Structure formats: structure tokens, C-alpha cells
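Here the structure comes first, spelled out in C-alpha cells, and everything after it is commentary.
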Amino acid sequence: MSEKIYSLVVIGYGGMGSQHVRMLEKVDRIKVTGVYDVNESRLNKAVEKGLKAYHSFESVLADPLVDIILIATPNDNHHEFAIQGMQAGKHVICEKPAMLNSKEIEDVMKISQDTGKLFMVHQNRRWDEDYLAVKKLVDEGTLGDVFYLETRVHGSRGIPGDWRHEASRGGGMVLDWGVHLLDRLLLLFGEPVQSVYAKLSYILGHQVDDGMKAYITFESGKTALVEVGTTNYIPLPLWYVTGRYGSATIEDWNMNGQVATLDREDTKDAEPIVAGAGLTKTMAPRTKKEESITISPVPRVPSDVTQFYINFVDAIEGKCEPIVKNEEVLSVMKLMEAIFESHKLGQAVYLNK
Ligand code: NAD
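In the numbering used here, the protein residues as written are 3 to 355.
Set out below in C-alpha cells:
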């Protein structure tokens, strides 16, 4: 018997909606058949591509040929579209941030359970090569036990577009980029967060945050600095990761960076070096000459983000668990809520109490 091909309609055919259509061309088990967008010119673009234009969301829901809706509208529409979609019998792929708060995610989780329809959030940056390289270093213990890391994205072009500037539409950088970095961080350390101290930035004068710095402590004491900036004209590395026996940096998405690992413990002090206006043994850099350290390139991990869609189909068919679990999405949302709260209070917020 031939395998079912699932018919998918994209809701919101803007930047990310178009990207999904391109990506789904590589996925055999899903066929994009149509698009719904409030903007007529976007619908015309879809028709030019041979897709069916739906002029209302209700007409998508009423179409029995549609199996899956993919929500790629601004963030404030995700909740209502997801709920109505599942109630009409459609499975739902939803762009990040899934929802605007944890209550909305809990609503959607309940409807998913009640209807038996799959709801999965597109946390596509789990397939980024920089993250996968760090995950490999952490999982394989290359650096020893990793006790601290920094994960960040630094840009200098401010907040793009229109709706991303508006609080009511779910704008701001915590929800836009923070959601990716936090999602990956929780998977990397795989343990509950104890506390967060966060400061948001409003340098550009919008009603929403244009950046964030969150200092997160996990229950074992591991810590991480998570940073998003949009006015950083010299970007700091995407990753700085350090363990008892090594450190690694990844500078950029071209995977420039290095891994430094200790070959052997030195029992004697280093010779003092002249540093600035003084002398130091403590901060004397390790040199290759000492042969106590090995510098290697960042490991490369092959990755294919279309696995996301393949997993979605397999999860619909009960062949595997969804790769992005709604409980994980909820934990990230609760962490983002704690970040907003910490900024507002000007103090650390404790979770899971
Ligand atoms: P965009 O502004 O480029 O596109 C949004 C589209 O939705 C537009 O065509 C707009 O006309 C349409 N739209 C607006 N309101 C609508 C409504 N009520 N009904 C139907 N259509 C509507 O935005 P974007 O950058 O494509 O972002 C869309 C979503 O994708 C957001 O949730 C965003 O966070 C997410 N996104 C995810 C990634 C990622 O890497 N996962 C990257 C970019 C954006």
C-alpha cells in the first residue's frame, strides 16, 4: 500500500511561510497545497507558485482535503489559529514563539490531547550546526564537566519589520531570538533551572525589548549567560563554553572557532609574565610550547532541518515521539516569563519553587 501524502496549508505567507514552502519541496510525505494570508498580494504570489489561495481561515478549516495547517503569522495569532485548527480536525505545525504566555500553551496542549491532533512547534534552530557542535562537546565530555557557557546572537540592525515592534503582537527579542537560545540551553544541560537574573534593553526606544541578557543558574549550579543584542556593531562569539578540562568558542555561523583541551595537569606554577603594568603567573596563557594544551577546530556535525517535518509525519502516525515536545516548549515559555519578571523586579527570580 502506498504511503499517505499529507496536504498542508500555510497560514501567513510572509518571510517564514515562504521558507517553509521551499523546505517542504524536499519532503516527500507532505505536499503544500495552499496558502491563507490576509494580504492579497501574498496570495497572488502563492497562486503564481501553483498553490491554492484561501481567502479566509474558515475556508481552510472547512476543506476536508487539508490535513495539516502550518502557522507562520505574527505571534499574536498563533493561539486562536492553533486551537481552531485542531478543533476542525487538522494537525498543526506552529512557528516559534509558540504562544505569548504559558497559559496559552497549556490551552493548546489540552486541545491537542482532547482532539488527538498533533501540535508541534518549529524550533528549527535545534538543527543549527553551531548548537549541534556544542551539544557534541558537552555530551562527549570533551571539555570535562561543562559548568559555564555563554550563548548569544549579536546583530546591529535593530528590530526588523513592523509587527515585531509591537508588544500586543508578541514583538521583542526575548520572544523572537531568546526563545531559540533558551530552548537549546535547556536541552544542553537537561536539568531544571533554579533561578534567572535578567536585564532587557530598550536602547532603540520601541515598546518592546531590543535585546536581553539573562544569567541562568541550574539546580546543579551550572550557569549560563544568554544574550540577544541588536545594537552590537562588533559581535561577540555565538558560543563560549568552558569545562574543567577545556574551553571552546564558536565565533559565527561559518563555524569559525576553536576547542582547547588540557593534555595534562601542571603541578608547578607557570613562570610569571609581564602583563600590562604588572606581572602575573595566574593569568599567564598556556602555550603550545608547554605542550599542556591542544587546540582543535570546532567539530562539524551534519544536520538536516527537514528531519523536523519527517518527524512530524512519523509522530502523527504514532511511529515516534514528537521531536519538539510541548512540555519543553512550556518550560521555555515559563523561563521567558521569569526573564520578564526578573527585569521588572530588578532581582533574581527562582523557578520550580
Ligand atoms: P512576516 O511579517 O514576514 O510574515 C507574516 C505573514 O503573515 C504576512 O504575509 C502577513 O500578511 C500574514 N498575516 C498577518 N496577520 C495574518 C492573519 N491574521 N491571518 C493570515 N495571515 C496573516 O513575518 P515572519 O518573519 O514570516 O514571521 C512569521 C512567524 O514566523 C512568526 O511567528 C515568527 O516568529 C516566525 N519566524 C520563525 C523563524 C524561524 O527560524 N523559526 C524565522 C522567522 C520568523
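Beta carbons: idealized from backbone N, C-alpha and C, even for Gly. Predicted, not measured: the structure shown is a model, and the values here were computed from it.
Item checked: Ile275 vs Leu120 beta-carbon contact at 8 Å -> Within the sequence shown, numbered from 1, the residue matching residue 275 stands at position 273. Within the sequence shown, numbered from 1, the residue matching residue 120 stands at position 118. Here Ile275 is not near Leu120, since their CB atoms are 8 Å or more apart.
Notebook entry, point to check: Thinking just about the alpha-carbon of each residue, which of Trp179, Tyr247 and Thr225 is nearest to the one in Gly231?
Noted result: Position 229 of the sequence shown, counted from the first residue, corresponds to residue 231. When the alpha-carbon of Gly231 is set against those of Trp179, Tyr247 and Thr225, the nearest one is in Trp179.
Note to self: Spatial neighbours of Asn103 within its chain, please: C-beta separation below 8 Å, excluding the five flanking residues on both sides.
What the structure shows: Working through the sequence shown from its first residue, we reach residue 103 at position 101. Here the set comprises Met335 and Glu339.
Note to self: Looking at the ligand NAD, does it come within less than 7 Å of Lys51, judged from the CB to the closest heavy atom?
What the structure shows: Start at 1 with the first residue of the sequence shown, and residue 51 comes out as number 49. No, since every heavy atom of the ligand NAD falls outside the 7 Å radius drawn around the Cβ of Lys51.
Check: Alpha carbon to alpha carbon, how far is Thr92 from Ala64?
Finding: Residue mapping note: residue 92 aligns to position 90 of the sequence shown, counting from 1. Residue mapping note: residue 64 aligns to position 62 of the sequence shown, counting from 1. Checking the sequence, you will find Lys at residue 92 rather than Thr. Between Lys92 and Ala64, the C-alpha separation is close to 10 Å.
Margin query: Here's the rule: buried if 16 or more other CB atoms are within 10 angstroms of the residue's CB, otherwise exposed. What is Arg159?
Written below: Counting from 1 along the sequence shown, the entry for residue 159 is found at position 157. Only exposed fits Arg159, as fewer than 16 other CB atoms lie within 10 angstroms of its CB.
Checklist line | Inter-residue CB distance, Gln125 and Asp185 (contact presumed, cutoff 8 Å) | finding: Your numbering for residue 125 matches position 123 in the sequence shown. Your numbering for residue 185 matches position 183 in the sequence shown. The Cβ separation is near 5 Å, so the contact holds.
Check: In chain order, which continuous runs of the alpha helix (DSSP H) of length 4 or greater are located wholly inside the stretch 228-294?
Finding: Within the stretch 228-294, no complete alpha helix (DSSP H) run reaches 4 residues.
Checklist line | Asn97, enclosing beta strand (DSSP E) - first and last residue | finding: In the sequence shown, counting from the first residue as 1, residue 97 sits at position 95. Before going further, note that residue 97 is Glu rather than Asn in the sequence given. It spans His93 to Glu97 - the beta strand (DSSP E) in which Glu97 sits, taken as one unbroken run.
Next item on the list: Go to Gln196, then tell me how far its beta strand (DSSP E) extends in each direction, as first and last residue.
Entry: Counting from one through the sequence shown, the residue named residue 196 turns up at place 194. Taken as a continuous stretch (DSSP letters only), the beta strand (DSSP E) holding Gln196 covers Val195 to Ser203.
Checklist line | Whole-number beta carbon distance between Ile113 and Cys96, since they are thought to touch under 8 Å | finding: Along the sequence shown, one-based indexing puts residue 96 at 94. Along the sequence shown, one-based indexing puts residue 113 at 111. Incorrect: roughly 12 Å between the Cβ atoms, too far for contact.
Notebook entry, point to check: Taking Thr284 as the reference, which of Thr225, Ile295, Ser43 and Ala272 has the closest Cα?
Noted result: Counting from 1 along the sequence shown, the entry for residue 284 is found at position 282. In terms of CA proximity to Thr284, Ala272 leads the group Thr225, Ile295, Ser43 and Ala272.
Notebook entry, point to check: Does at least one heavy atom of the ligand NAD sit under 7 Å from the Cβ of Asn313?
Noted result: For the purposes of this step, residue 313 is taken as residue 311 along the sequence shown, with counting starting at 1. Between the ligand NAD and Asn313, a heavy atom-to-CB distance of less than 7 Å is absent.
Check: If you draw a straight line from the C-alpha of Met88 to the C-alpha of Asn328, how long is it?
Finding: The residue given as residue 88 occupies position 86 in the sequence shown. The residue given as residue 328 occupies position 326 in the sequence shown. Taken atom to atom, the span from the alpha-carbon of Met88 to that of Asn328 is near 15 Å.
Checklist line | Same chain only: Cβ atoms within 8 Å of Gln86, ignoring 5 sequence neighbours per side | finding: Here residue 86 is taken as the residue at index 84 of the sequence shown, counted from 1. Within the same chain, Cβ atoms closer than 8 Å to the Cβ of Gln86 are found at Phe59 and Leu63, the five residues on either side in sequence being excluded.
Notebook entry, point to check: What are the start and end residues of each continuous beta strand (DSSP E) run of 3 or more residues lying completely inside the stretch 116-164, in chain order?
Noted result: Runs found: 121-124 and 148-156.
Notebook entry, point to check: Do three or more CB pairs link the stretch 156-173 to the stretch 297-310 at distances below 8 Å?
Noted result: Not touching, per the Cβ criterion.
Item checked: Residue burial classification, Tyr38 (beta-carbon count within 10 angstroms, cutoff 16) -> Sequence index remark: in the sequence shown, residue 38 carries index 36 (1-based). Burial call: buried.
Notebook entry, point to check: What residues match up with Phe342 in a beta bridge as DSSP calls it?
Noted result: Here the question's residue 342 lines up with position 340 in the sequence shown. Phe342 is not bridged by DSSP to any residue.
Margin query: Could you tell me which whole alpha helix (DSSP H) segments of length 4 or greater appear in the stretch 9-61?
Written below: Counting whole runs of 4 or more residues, the stretch 9-61 contains the alpha helix (DSSP H) stretches 17-26 and 42-50.
Item checked: Contact belief for Arg154 with Glu229 at Cβ below 8 Å, rounded distance in angstroms -> Reading the sequence shown from its first residue, position 152 is the one you call residue 154. Reading the sequence shown from its first residue, position 227 is the one you call residue 229. About 4 Å separates the beta carbon of Arg154 from that of Glu229, a gap short enough to meet the 8 Å contact definition.
Margin query: Less than 8 Å between the beta carbons of Lys215 and Ala200, yes or no?
Written below: On the sequence shown, residue 215 is found 213 positions in, with the first residue counted as 1. On the sequence shown, residue 200 is found 198 positions in, with the first residue counted as 1. For Lys215 and Ala200, yes; Cβs fall inside 8 Å.
Check: Which stretch, first to last residue, makes up the alpha helix (DSSP H) that contains Ile85?
Finding: Translated into positions along the sequence shown, residue 85 becomes position 83. Here the alpha helix (DSSP H) through Ile85 covers His80 to Gln89.
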